[in-house]
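Input: a single structure, listed below in structure tokens.
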Amino acid sequence: ERDVIVLDPMLATGGSASAAIQFIKNYGVDKIYRHKLNLVRYAVSALEELDGVITYVDPQRALFAGTTCFNVQDKDSDEVARYLAQNGVCVRSGIHCAPLFHQKMGTQKTGMVRISFGCFNTVSEIDAFIKILKKYLKK
41 ERDVIVLDPM LATGGSASAA IQFIKNYGVD KIYRHKLNLV RYAVSALEEL
91 DGVITYVDPQ RALFAGTTCF NVQDKDSDEV ARYLAQNGVC VRSGIHCAPL
141 FHQKMGTQKT GMVRISFGCF NTVSEIDAFI KILKKYLKK
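In the working numbering, the protein residues as written are 41 to 179.
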């Protein structure tokens, strides 16, 4: 089990592009896609079980990315992300270079918390993230 749960693989990048390309060829794009899609669906389902959490992605339509966004009602996304970071969960918060999307969603003032999955993330990491988020919701 990792000490830090990285739910934004871009925060942990490094190494060579050629090694990454070789890994993808060996592991398989379809396998990576299915894994990330299953993680998104699992995470959204778990988030939707929590009172006060708002999700923004329909897991049945999240076909193109291994990412989803959420907010905690009446909380700024930066505050939520900061708490998660202090408890070992790496996420991103803010408007994610998409101000028009946030204007449409009504989140231009609070932003959103974005979780993104890579092929090495696991369901147990999502469970650990949800456990930490539940602690935040209780405070």
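Glycine is no exception: its CB is placed at the ideal position from the N, C-alpha and C atoms.
Given a threshold of 16 other Cβ atoms within 10 Å of its Cβ, counted over all protein chains shown, does ILE64 qualify as buried or as exposed?
-> Position 24 of the sequence shown holds residue 64. Under this definition ILE64 is an exposed residue.
Mind checking who THR150 pairs with in its DSSP beta bridge?
-> As a first step, residue 150 is located in the sequence shown; it is residue number 110 there, counting from the start. Paired residue(s): none; THR150 is not in a bridge.
Could you spell out where the alpha helix (DSSP H) holding PHE169 opens and where it closes?
-> Residue mapping note: residue 169 aligns to position 129 of the sequence shown, counting from 1. Run containing PHE169: 163-178, per the alpha helix (DSSP H) assignment.
Three-state secondary structure (DSSP) at ILE155?
-> Along the sequence shown, one-based indexing puts residue 155 at 115. It is a strand residue.
Nearest-angstrom Cβ-Cβ length linking SER117 and VAL153, presumed shorter than 8 Å | In the sequence shown, counting from the first residue as 1, residue 117 sits at position 77. In the sequence shown, counting from the first residue as 1, residue 153 sits at position 113. SER117 to VAL153, Cβ: 5 Å. Contact.
Between PHE160 and ILE61, what straight-line distance do the alpha-carbon atoms span, to the nearest angstrom?
-> Here residue 160 refers to the residue found at position 120 when the sequence shown is read from its first residue. Here residue 61 refers to the residue found at position 21 when the sequence shown is read from its first residue. Those two C-alpha atoms are separated by around 15 Å.
If you draw a straight line from the C-alpha of GLN113 to the C-alpha of VAL93, how long is it?
-> Numbered from 1 along the sequence shown, position 73 holds the residue referred to as residue 113. Numbered from 1 along the sequence shown, position 53 holds the residue referred to as residue 93. Rounded to whole angstroms, GLN113 to VAL93 spans 6 Å at the Cα level.
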